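Student: Numbering (the numbering used here), first residue to last: 9 to 230.
Before anything else, here's the structure in question.
Pasting the structure below:
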């Protein structure tokens, strides 16, 4: 069948009326919202394989068939998988790990570019089910501190205190969650201000403290 032509080259051949500038030339397929398309789930079976639709709005709750309908755009019905699949027009399948599980096709590298990468787990756990390899710890500085009172510096991990007795000023616990600091007092007591037994480093002894995101506490108190 031909539209604007008497010699159709295919089953349906639509030829543009290019000289008529007052009329748009295009082909409009059925336009529905996601909710409307989902409501028609039952009528899309094997006979509708290849059907084309344009989703205008992402509304309602997706079904198994419309699970891939995540953006406005063209979709075609794929009967073997019983799902609508995107066909350009901005439509895409969300393959991020936020939406589901995934498998890496090869090694991947994240360049943090001097920016922190933070996982806020809530009540969930960070689980490595297999071999892990952590390198390049941020806090690796080991230094000697002779001043009676001093402040922890960025990168500090272990501080050998040789002062005459005093107090260390710790960074805010809220911004250092998970950070560990260790102190060894050579000849005089160093007050860390942390909570828990052994918070102060006594002469000839050391202590380690850690931030829980709210306060600094001794590791022995964990």
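All C-beta atoms in this analysis are idealised placements derived from N, C-alpha and C, irrespective of residue type, glycine included.
All figures in this text were calculated on a predicted structure; none of them were measured in a lab.
Spell out the partners DSSP gives residue 94 in its beta bridges.
Tutor: 83
Student: Thinking just about the alpha-carbon of each residue, which of 212, 182 and 136 is nearest to the one in residue 171?
Tutor: Among 212, 182 and 136, the Cα nearest to that of residue 171 belongs to 212.
Student: List in chain order: all unbroken beta strand (DSSP E) runs of 3+ residues lying wholly within the region 10–57.
Tutor: none
Student: DSSP three-state call for residue 64: helix, strand or coil?
Tutor: coil
Student: Under 8 Å Cβ to Cβ from residue 74, same chain only, skipping five residues before and after it: list those, please.
Tutor: These residues qualify, in order along the chain: 42, 45, 46, 49, 91 and 92.
Student: Give me the Cα-Cα distance between residue 221 and residue 154, rounded to the nearest whole angstrom.
Tutor: Note on geometry: alpha-carbon atoms of residue 221 and residue 154 lie some 29 Å from one another.
Student: Evaluate the contact criterion for the region 187–205 versus the region 162–170: three or more CB pairs, one atom per stretch, below 8 Å.
Tutor: Contact between the region 187–205 and the region 162–170 is present, because at least three Cβ pairs lie under 8 Å.
Student: For residue 156, does the three-state DSSP call read helix, strand or coil?
Tutor: coil
Student: Relative to the C-alpha of residue 180, which candidate in 160, 25, 198 and 71 has its C-alpha closest?
Tutor: 160
Student: Less than 6 Å between C-beta atoms, sequence neighbours within five positions excluded: which residues of the same chain meet that for residue 87?
Tutor: 54 and 57
Student: I'd like the list of long-range same chain contacts for residue 60, defined as Cβ closer than 6 Å, with 5 residues on each side in sequence excluded.
Tutor: 37 and 84
Student: I'd like to check one pair, residue 69 with residue 80: are the Cβ atoms closer than 8 Å?
Tutor: No, the pair does not count as a contact, with Cβ atoms beyond the cut-off.
Student: How far does the beta strand (DSSP E) with residue 178 in it extend, from its first residue to its last?
Tutor: Note, residue 178: premise wrong, no beta strand (DSSP E); not H, not E.
Student: If we ignore side chains and look at the alpha-carbon of each, how far apart do residue 40 and residue 33 end up?
Tutor: 21 Å
Student: Under a three-way DSSP split, which group does residue 228 fall into?
Tutor: helix
Student: Can you tell me whether DSSP reads residue 219 as helix, strand or coil?
Tutor: strand
Student: Which one of 127, 117, 187 and 12 has the shortest CA to CA distance from residue 8?
Tutor: The shown model of the chain, from 9 to 230, leaves out residue 8, and the question about it has no answer.
Student: Do you know offhand how far residue 184's Cα is from residue 208's?
Tutor: 20 Å
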